Every structure is written in C-alpha cells, then in structure tokens.
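Novice: Each protein sequence line maps, in turn, to chains W and D. Under the working numbering, the first residue of the first sequence is numbered 1, with each subsequent residue one higher. Under the working numbering, the first residue of the second sequence is numbered 1, with each subsequent residue one higher. Ideal Cβ positions, reconstructed from N, Cα and C, are used throughout, including at glycine. No experiment lies behind these values; they were computed from the predicted model shown.
Number of protein chains: 2
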Amino acid sequence: MPATTNRKMSPVSITRVVIDDGFWSPRIETNRVVTIPHEYRQCKETGRIDAFDLTWRPGVEPVPHYFWDSDVAKWIEAASYSLATRPDPELDRLLDEVIEKIAKAQQPDGYLNVYFTVVEPEKRWKNLGMWHELYCAGHLIEAAVAHYEATGKRRLLDVMCRYADYIASVFGPNPGQRYGAPGHEEIELALVKLYRVTGNRKYLELSKFFIDQRGQKPSVFQRELEHLSDEDSRLNRYFFDKNGFDTSYCQDHLPVREQSEAVGHAVRAMYLYCGMADVAVETGDEALLRACRRLWDDVVNKKMYITGGVGSSRLNEGFTQAYDLPNKDAYAETCAAIALIFWSQRMLQIEADSRYADIMERALYNGALSGISLDGKKFFYVNPLASDGTHHRQEWFGCACCPPNIARLIASLGSYIYSESAENLYVHLYISGHADLNIAGTSVRISQRSDYPWDGDIQIEVEPDKAAEFGLNLRIPGWCRKASLALNGAEMDISSICNAGYVRIHRKWQPGDMVRLNLDMPVERVVAHPNVAENLGHVALSRGPIVFCLEEADNPVPLQRIILPRDAKLTAVFDEQLLGGVVKIQGEALLIDDTDWGDELYRFNPTAVRPYSFTAVPYYAWDHRTPGQMRVWIRSL
Amino acid sequence: MPATTNRKMSPVSITRVVIDDGFWSPRIETNRVVTIPHEYRQCKETGRIDAFDLTWRPGVEPVPHYFWDSDVAKWIEAASYSLATRPDPELDRLLDEVIEKIAKAQQPDGYLNVYFTVVEPEKRWKNLGMWHELYCAGHLIEAAVAHYEATGKRRLLDVMCRYADYIASVFGPNPGQRYGAPGHEEIELALVKLYRVTGNRKYLELSKFFIDQRGQKPSVFQRELEHLSDEDSRLNRYFFDKNGFDTSYCQDHLPVREQSEAVGHAVRAMYLYCGMADVAVETGDEALLRACRRLWDDVVNKKMYITGGVGSSRLNEGFTQAYDLPNKDAYAETCAAIALIFWSQRMLQIEADSRYADIMERALYNGALSGISLDGKKFFYVNPLASDGTHHRQEWFGCACCPPNIARLIASLGSYIYSESAENLYVHLYISGHADLNIAGTSVRISQRSDYPWDGDIQIEVEPDKAAEFGLNLRIPGWCRKASLALNGAEMDISSICNAGYVRIHRKWQPGDMVRLNLDMPVERVVAHPNVAENLGHVALSRGPIVFCLEEADNPVPLQRIILPRDAKLTAVFDEQLLGGVVKIQGEALLIDDTDWGDELYRFNPTAVRPYSFTAVPYYAWDHRTPGQMRVWIRSL
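Set out below in structure tokens:
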C-alpha cells in the first residue's frame, strides 16, 4: 500500500477495531441480521442481482436500470464490512455467489455494466452526463476493495482492476483516448481507494484526469451533447438548460480548483469533494486542497442543516443559495449526509482539526442516522426538519441509493473512530470498544467505555505492548463548553494542551494508563444565523451530539404553537422504554391558546398562551410512533 | 323595474351620488382620464375591439381568445359608469362606436361571441366548462345594463336582450332545450341585472336554471365531456381530474343549496355567490340564502386575507383548506377581492348587517385597491402579503380580467356608499360628497364630509325636502372600538341605538339637521387566528380600514428581522408627500442583529437585537418606489 504522506493521520481499518457499545452495537447487529439481508432480498426480488446474468431480452420486464449495478455494489460493500468484523459463513457464501455473477458479466474487453451490455449496448460511454456508467463502476470498485480487505479474496478486485484498466485505456489525455467525466461523481474517490489497495498509480492518475476534466470550457458535457439524439439527451437538457447551458448541477461550472461554492446535486458534490481531497492528498496538490477547504466552509457555514443534512432543494436534489434551509420542504437526502461524513473523515485525516470531526459526528447521529428505522427495515430518502405527519420511511425505493448507503456506513463505523500517525493516536468518536494500533513502532491497544451519546463521562485505557512515547489526542467536541480530563486520577489542565479541538497528552505511555474525559452535556438551545429566514425566532434543542425534535406522539398539540421561553428549565431524562432507549428532553413551555377565539379570523386582542409541558426526542428516532407532526425548530421567546 | 322585496334595502345608483372626497375623487378622476383610456388602448392594440368586426381568418395573428369579449365588456361597463357621473362627449362617442361593432357582430339567431363565430364556429356551446362563452355573455349583459343606465341608450341593451333570449331558448328544462352551466360563473348575476332593468322574468328564471344545474349528479360538466375530443377537453381534464372526477374547481361539487365551504377558483366562486344571493332575494329562496350565509362565514372566517384578498393558491387561482393563507405565495387575485366586494354589497342589502359592509370596506381599501397603481396605469393580478421585491404591477395581461374590473369598481364606487328603504337611509361607507335619496316618500339629500380613511371625524347633513320621519343608519365599522355621535351638537348614546353594526337615529328629520360621528382610529395590532400557521407570532398593523405593510424603501433591513414589542409606541402621521398622501405608522421596534455573528451557521448564544425605528405604509400603496421587500405581518413579541 502506498504511503499517503500528505495527510496528518490515517483512519484505523475496521478489521482492527472492535465496537462494544450500548448505542451502536445493537445497531450494527441489526444492520447485520436485518438490514443487509433485507437489502439483499430487495435487490434479488427487483431483479438487480440476477440482471448480472445478462439474460435480459427486449420485451422482458423489468428492464434493468442503468443505476442498478450501484445498488448491488453498495450492498456488497456493506456486507463485506460486516463480514470483516463478524464472521458469517452464510453471508460469505452469498457474497461469493453475487460476486461470481458480476465477474461473469464482465465483457472480454473488461467492460462491466448490465444496462449497457444487454439493453442498449450501442450506447456505451455515449452519455456520461446522465447515464451513471462511471458511477456504477465506482461503486463496484469500492465494493471490490471492501471485499478484498474484509476477506482477502481477490476475485472482485481482479475483475474491477481489469475494468479500471479498460476505463483507463478509453479515457485520458493521450492520443487515441477520449475526454469525459462522470455526470454523477463517485469513481474519483473509488479509483483512489483502488490505487491505495493495489499501489497502481494509473488509478490515481485516472481519478485526477476525471477531476480535471470538470469545469473545462467547453464543458465535456456540452461536447458530449453534440453526439446525442434529442431523445437520449432529454435529461441532460432538463438539468443543464437553465437560462443557457449550465452544468452546475454536476459541479461542472468551473474548474475544480477555482470552485468556492457548493452547487448542484448534493450527493454528486460530496462524492466529488471526497475525490478531490483524496487526489489532493495523494498528489500534494495544494490548490485542490484549498478548493476543498473553501467548499467545506461554504457547505458547513452556509448550506447545512443542524442535522448535518445538506442539499436543501428537491428540484435539483441539491444546493441552492446560502442560508436557504427550509424545514418542512428540506430535501437533505440521506446519501448526502452520509457522503458529508465521508468527506469530513477525509478532511479530518488531512487537517487534524476537530471541526471536521464535529460535522462527521453531527451528520452521523442526526441527518444520516435518521435515514434508517430503528428496526433496520425502513429508510428515509428525504430528511425534512418539520413534517405534518405525512412523511414516512419506506422499505425500498425505485432509486435505491440510500438504503445500502446507510448499511455500508453502519457496517464500517469502526473506521471512523480512531486515527493513527507516526507519533500520535487520535480518538475522534466516543464509541465504546477497543482498537489495536501501531504508533511509534509499538502495538497499542486503546479501549474506551462510556454511555455516549447520552453521557459525556468517558474512560479510556491505553495499553502499549511496552512503554512507549506518543501523543494521545482526544477530541473535545465543538458542542462541549466544559470538559475535564484526568490521567490516572490526576486532573489535567485542558486549555494548555488543546490544539485544533484535540487535547494532546504526549508522554511515555505505560500499559494500563487510564484517562478519564468528562464532557459536560447540558441541554443547549441552538440558534441559527439570522439569514436562515425560517429559523428566525426559533431555537433547536441539542444535547451532546444529538439534535432533538418535537413529535406529536409526545405533544398532541399543533407543534408550531409551542413557545419556549428563554428561561424555561430543560431536563434531560434517559427513558429506556422510549424509542429503543433514548434521552428525552422535558420542559415547561408555553402554548399559543385558541380557546378564547371565536369564529373570527382576525382580532385586536392578543392571543393568549398557557403553560405547556413538552417532551422532545432525538431527531434520528422520529417517525416511529403514531404518525403526526414533527418539528426541530421550536418557536422561542 | 321589478321590486326586490326580499332585501332590506337597495343600493343608491351612482347617478344619484356625487363623490367629492380627498381620497377617492382623485382616484376616480385618474380612472377616467388615465385608466379607462389606457385600457381602451390596450384592448384596441391587442385586437380585442376590432375582433368584433369578425374579419379574422385562419392564419392571421393574433387569434382572438375566447375570453376577449369579456375584457371589452368590462371596459364598456367601466366607461359607462364613468359617463354616468361625469359627462364626456368623446367617451360617449367612443362607447357608441365600440357598441356598434359589437351589435354588428351579433349573428342572425342572436348569438354573439367573437371566437365561436370566426375561429371555431362549429364548437359553439360545446365546452361550457372551460370556454367562457356564457361568461363573456354575462359581462356583455352587465355592460349593456350599465350603458343603458348611464346613457339611456338601448342599443347594447337590445342586442343583449336578443342574445339572452337566444340563450334562454337553447338552455332550460323544457323539451328541446339542453342542460349546461357556465364553467366560469358570471352570467347568473348578469341575468338578474338584466331582469331588474327589463322586468323580464325569463332572465331571472334562466339565472336560476344555471344556478340549479350546478352540483347535479352526474355533473353537467361530466356529461359534456362525453361529447368532447381529447384535444378539446384538455383543460377540463386538467382541472377536473383530481383523484377521480372533481368539479369543485367550478363549485360543481354539490348542489348549491347544500354548499357550505368555499372551494375552487375564487373569482368563479364569488361571482356564483353573487348570483345565488341575487336569485335568492328575487325568488324568496331561503335555502339558497342560507347557503350564501354559510359560504360567507366560511370565506370570511377561514379563508380571507386581512386585506380582503381571497383565493390563496396559485394552482387553482382559488381556495384551499381553512386557514391556509400563505403570505409570500398568496394568490389573492385582484378580481377576487373585487368580487368579494360585489358579494358583500349584495349580502348587505339583504341582511342590513354591518359585518358585510366591514368586509366590503376591507377589500375596497386594501386587497382590491392594491390592484391598481397610484398613476392608474399598472395592475396587480396577484396580491401577495409579502414580497422579496420581485413582484410588480404590469400594464396589461394576456388574461386581462383584473384591469377593467378595478376600473369598473372605481367608476361605480358611488353605488356602494348608501342604501335606501321605505323608512330608512343607510350610510355604509364614509366618503365625502352627497346623494339624493327617496325615503318615506320624501326626497332627502344626505351630505357627508370627512378626511376618511385617515381620520374618523365625520360630519353628516340631512336635508329632507320637508320635515320627514325616517331612520338614519350609520355604520359603526367593526374596526372601531370607540365611537361617539352627536345630533345637532347633542351627544347621543350609541349603545342604546346600535343594531347589527348600525346606529339608527329614527326621528322626524328637518332640513339642515347635522350629525357628527367620531370613529376613534388608533393604530391597532391585529392578530390572526392561531390556525394561520404563517402568522403565528406576528401582528399586522391597521388603522381605521387601512392595513399597513413594511416596505424596504422605508426600512432598508431584512424585514423579517424586525420585531415589534407588545408595548412599542406606534404613531400615525399624515405625510402629504408620501405615496400620494398617506398616513404612515412609525414606531420603535427591535431588529435581530447579526453583527456579532461570525462565520458559524449555528451557535448557542442567542442572537442579539437592537432598537430599530420603522415606518409602515398602507398596503394598497406598496410597490411604488425602489423595488424591495414588503411584509404585512410583522414578527412580534
């Protein structure tokens, strides 16, 4: 594996991390025994898996869709991560079976795509802008890397190297090669993964080629259009023909190094930014990295829901102008929050700044986790921050990107917790369990135990094989206003050793050293920037990393009539029976009262308010009871 | 003229009313010298007038539209009202010229419609649901009645009687006649006008026939569809095919006497309700009148903007569910507010209850008057209650119903001020000038003088030819919380003589009797019913009949950040230089301040506020300065 010398740390692979956590372990197990089998069944029953048999013939229903391959790929990736952390012979066998189908679908030249092999073979590479060929290839590459790392089996990896080699022969700057970039980014980050696992620099260069093709004049998507029929370019025209030709929908408005504002389809954008960060760090491309930082600031400071959801508009499944964050009409696709986690993790490794981990955690516990039901069988595609009671999770979608995406995130959660570098060990997330790392030439087991996210009291044990000098870096979350730290029982002064959001304890560690970190976790009232019009005069409640919401199930009144006075006492109570066990927030608010209103629609007398005891629950757990209204932002005084 | 025995009073015709008013006289003059000529030019230049020459041939542009006739008809009506109150030989001649064209367009059988004579003659009466034939006929009838009453000339009246006779031969319950009702109501109220001016009961019966056809099972519009091609029924299917066949768009969901909720296209609904009230009162149909009362309550208590605008949705140009009154996305068509005035006036004559006059006044000074610019040359079709600065009046519209509608309203304003009955004289609106009435067999001149709507001090002089006993009924507006009354200098106790919103001074009146009414007119904070979600936590400012708004021109800040504390002092100041001379409201509010916000999108520290001096102006006068934001509802504490 090539060194990734330009980043400050590297994530610790899930194969070296054990999660034993009150919050996450049941979710990971549900993911393994419910979600992954459920998604396999869905892929099987909808024809997505058997489509790789290439037996489709004209007239047969269903017709494979050109994004089907990616759903199966993400399922393989999720299942592989699961297998990596928990042996499961049946799943192992099933993976081999599916992978074998995929391998056999590969064409003699290395090409591998169901739709453009059996349905419209003459249209291979004809519409990169809209037809998801390179996107599917990217997900299959990610699946191959995950399966190889989980099992050591090279079958899919070899297949995908052949496919990638073929793609690299078609696209590129050399004579006889062609221009082009994927309309839906994904292969860029996948090729860097393939480079890292194979050491073959060609894949990194191909990733950089695709990234550099973006934003050229004329646009590769405009050049492509010249060869497309009206019928075949219908979607392109729909998405690109906006007061003139405009490919900002797929981040093609400017060369990537000149980009400063997140635009267009949010998942496309996030996947691109992941690939940009990867290529930047692998090639030492500072201009590309600076663009990543600018785009990051734009997303996080102007275009992100408090839940970590991004992409506020249904129209483009993506970004609009700064501060345009409607609540009920929020799009905030589950995949976009997940992809923000991917990007955050990449930026975090590069920058070693906890602000990236803060966003990773925010999206993880809120806007991404909301995407899956507590029982692991239903999914949100769209994650609004207010509902009239009509928005519900579904078992599957025709466009089924979100279900396997959340499955692969949960199955790979271990890889987000720790990082290691030559002289430092980092703890980003407080999730109980342990990991085996290599720091300063020493094997170090780090264990942590807490009731996070419900409690901020965290015990960390450091067990180097032998005494060794290195830095233990513990994240002080951005949401935490008061933290304390003790080493082997002795209080430490955090402020003197805190840097970029991490307290660093640099010393010669002895086996059995114990660190205790206490993160004060009161209920907080969050306000949004006044430019967020809908949230003016409203607050959201958060505690630790968790964002709360009001649900009608707890508050059988019109939720928009609840007013939270500034001095209202707010109490956090753990309720084991509620929604799988959650902390709920209770408090005394006011309720706008209409009992003294008669028939009149307008009047001079102010509307009365009366005391109202409300309960708020974690946002991620909403929509599990009698359908009803939901609101994150609460009217306040 | 037949007696309309079932109503408590009758409006006083404009020919007997003289307006000499600081607020209205300049508007009526602008209407005469600017708006009516402007609208004539628009009708002329767009081909609407010359279309009556019937010279259109296939291939010629523009193709007459099937609603064009109605625009010319409403212009004739407006011009006739203007002529009735102010001699204008040139306008008189122009009217004759246009009327002559129309007369010559009448077919031998009496039929009169440009589109279905020259463009698609084979489609006469084929699609009553969508093609506006009867709607155009209705407006031409109204024009004919207005022109006859203004000038005594029978030319257009005779033409329209012939047309109405022909329509009455085609439609009806008798053998050889056909079913059908207009998709856009209008002819119902017009036929009652024609009945009242001619005394021919056939027209009243035809109006009742059309009203009774509505809401039958199967729907007349469904039966009609069976004979229409796919192409010809495109609009019908668009508006009627909503989870099954649903003609609530044109109030055809239930028989009219069973209706209780205002549904569908707002102008259609209002015109229907006018026709229902007319037929109810002329035929003594109590069930029909009860339906009018129920519908009235539904509109006014559940579905009306504070401006008197109705029909909140752009999708159906009409009603949605109760309390759905979005501000920025309000539709609130000018025609609908005008038609609410028409309906209010009818209900007022029947019921003698000031709540009808209150709504008439509310719509007149706000949601209708906003429809025309101060210079009389530009018009709103849509009247939102909030704007980001992109909504502006236009000189004309392809569908130009609103401009001539506001012109005919202003030209006929005199007829809304007074009513008379055998023993009573009513003053509904406080507009300076005088009227000559017949009460108790005596000629009575009533004069009033005030600075209304800016001031509530009103002087009324009663001058019977000779001493006569009758009741003088003066409206105490619903907006007025404190009124005082003096007769010839002696204070009177209002509460003992107030009934249904009118103070009644019944006595033997002597020439020169003077009444002084003082309506206290403080600035009021209005709140909306808590079910109006967008207005929760907001107040609107009103003073007298005038609703105010914030405009960016006076308040160069994000208007949604202005907060009005409950105890803020509010001052009304007349500003002669502002917007043609208006009272403006000034006060000390708070402004949500973002100067201590850095880059962050969310934070725990509450957002600061700072004092802010704001100015509000009358809503009707908005959009006359540098384009910018506007808001009626102001955030409040």
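Does any residue of chain W have a CB that is nearer than 9 angstroms to the CB of D/Asn200?
Specialist: It does not; no Cβ of chain W falls within 9 angstroms.
Novice: Any beta carbon of chain W sitting closer than 9 angstroms to that of D/Pro618?
Specialist: So, not an interface residue.
Novice: Check each residue of the stretch 600-619 of chain W: if its Cβ is closer than 8 angstroms to any Cβ of chain D, include it; give the result in chain order.
Specialist: Per Cβ criterion, the list reads Glu600, Leu601, Tyr602, Arg603, Phe604, Asn605, Pro606, Thr607.
Novice: Over the uninterrupted beta strand (DSSP E) stretch that includes W/Trp131, give me the two end residues.
Specialist: Neither: W/Trp131 is in no beta strand (DSSP E) and is coded neither H nor E.
Novice: Note down, in chain order, every chain D residue with its Cβ under 9 angstroms from the Cβ of W/Asp594.
Specialist: Those are His529, Pro530, Asn531, listed as they occur along chain D.
Novice: From D/Pro62 to D/Leu204, what does the alpha carbon distance come to, in whole angstroms?
Specialist: Taking the straight line joining both Cα atoms gives about 37 angstroms.
Novice: Count the CB pairs spanning the stretch 114-123 of chain D and the stretch 57-77 of chain D that are closer than 8 angstroms, and state whether there are at least three.
Specialist: Touching, per the Cβ criterion.
Novice: Mark D/Ala490 as exposed unless 16 or more other C-beta atoms lie within 10 angstroms of its C-beta, in which case mark it buried.
Specialist: D/Ala490 comes out exposed.
Novice: Just curious, the alpha helix (DSSP H) that D/Gly471 is in, first and last residue?
Specialist: No alpha helix (DSSP H) holds D/Gly471; the beta strand (DSSP E) holding it covers 468-475.
Novice: Please compile the residues from chain D whose C-beta is within a distance smaller than 8 angstroms of the C-beta of W/Leu304.
Specialist: For the record, residue 304 of chain W in the displayed sequence is Met; it is not Leu. Those are Leu601, listed as they occur along chain D.
Novice: For D/Met160, count the other beta carbons within 10 Å of its own beta carbon; 16 or more makes it buried, fewer makes it exposed. Which is it?
Specialist: Buried.
Novice: Quick check: is the beta carbon of D/Trp597 nearer than 9 angstroms to any beta carbon in chain W?
Specialist: With 9 angstroms as the cut-off, D/Trp597 counts as an interface residue toward chain W.
Novice: Could you check whether the Cβ of D/Arg543 sits closer than 9 angstroms to any Cβ belonging to chain W?
Specialist: It does not: the Cβ of D/Arg543 has no partner Cβ on chain W nearer than 9 angstroms.
Novice: Let me see if you follow: with CB-CB separation under 9 angstroms, is W/Leu385 close to chain D or not?
Specialist: No, no contact with chain D.
Novice: So which residues of chain D does W/Asn301 contact, with C-beta pairs closer than 8 angstroms?
Specialist: Under the 8 angstroms cutoff, chain D gives Asp599, Glu600, Leu601.
Novice: Check the Cβ of W/Gly537 against every Cβ in chain D and list those closer than 7 angstroms, keeping chain order.
Specialist: Result: Gly537, Arg635.
Novice: According to DSSP, W/Met630 sits in a beta bridge with which residue or residues?
Specialist: W/Met630 is bridged to W/Ser387, W/Glu551.
Novice: Skipping 5 residues on each side, what residues in its chain have a beta carbon closer than 6 angstroms to that of W/Ser642?
Specialist: The structure shown does not extend to residue 642 of chain W, since chain W is modelled only from 1 to 637, so the question has no answer here.
Novice: Take W/Arg635 and list the residues in its own chain whose beta-carbon comes closer than 6 angstroms to its own, dropping the five residues that flank it on each side.
Specialist: Excluding residues within five positions, the ones whose Cβ falls inside 6 angstroms are His538, Ile563.
Novice: Report all residues from its chain with a CB closer than 8 angstroms to the CB of D/Val557; omit the five preceding and five following residues, and keep chain order.
Specialist: Contacts found: Leu591, Tyr612.
Novice: Taking just the CA atoms, how far does W/Gln394 sit from W/Trp622?
Specialist: Distance between the alpha carbons of W/Trp622 and W/Gln394 is about 14 angstroms.
Novice: List the residues of chain D whose Cβ lies closer than 8 angstroms to the Cβ of W/Gln560, in chain order.
Specialist: Near W/Gln560 (Cβ distances below 8 angstroms), the residues of chain D are Ala533, Leu536.
Novice: Comparing the C-beta of W/Glu286 with each C-beta of chain D, is any distance below 9 angstroms?
Specialist: W/Glu286 does not count as touching chain D.
Novice: Using the beta-carbon count (16 or more within 10 Å), is D/His227 buried or exposed?
Specialist: That one is exposed.
Novice: Counting only beta-carbon atoms, is W/Ala291 nearer than 9 angstroms to chain D?
Specialist: No, W/Ala291 does not count as interfacial toward chain D.
Novice: So W/Thr571 is in the beta strand (DSSP E); what residue range does that whole segment cover?
Specialist: It spans 570-575 - the beta strand (DSSP E) in which W/Thr571 sits, taken as one unbroken run.
Novice: Any C-beta of chain W sitting closer than 9 angstroms to the C-beta of D/Ile640?
Specialist: A question about residue 640 of chain D goes unanswered here, because the residues of chain D that appear run from 1 up to 637.
Novice: Report the rounded CA-to-CA distance for D/Glu576 versus D/Trp454, giving the unit in angstroms.
Specialist: Approximately 12 angstroms between the Cα atoms of the pair.
Novice: Verify the CB distance criterion: does D/Arg566 have a CB-CB separation below 9 angstroms to chain W?
Specialist: D/Arg566 counts as touching chain W.
Novice: In the stretch 173-203 of chain W, which residues sit with their C-beta less than 9 angstroms from some C-beta in chain D, listed in chain order?
Specialist: For the stretch 173-203 of chain W, which is checked against every Cβ of chain D, not one residue is closer than 9 angstroms.
Novice: Output, in chain order, the set of chain W residues within a Cβ distance shorter than 8 angstroms of D/Val263.
Specialist: Near D/Val263 there are no residues of chain W at all, since even the closest Cβ is about 18 angstroms away, more than 8 angstroms.
Novice: So for D/His434, helix, strand or coil by DSSP?
Specialist: D/His434: strand per DSSP, three-state reduction.
Novice: Can you grab the Cα-Cα spacing for the pair D/Ile406 / D/Ser387, in whole Å?
Specialist: Cα to Cα, D/Ile406 sits roughly 22 angstroms from D/Ser387.
Novice: Distance, Cα to Cα, W/Pro618 vs W/Phe604?
Specialist: Approximately 38 angstroms, taken between the alpha carbons.
Novice: Who are D/Thr638's beta bridge partners in DSSP?
Specialist: Residue 638 of chain D is absent from the model: chain D starts at 1 and stops at 637.
Novice: Just to confirm, are D/Glu97 and D/Glu142 a CB contact at a threshold of 9 angstroms?
Specialist: Against a cut-off of 9 angstroms, the Cβ pair of D/Glu142 and D/Glu97 comes out as no contact.
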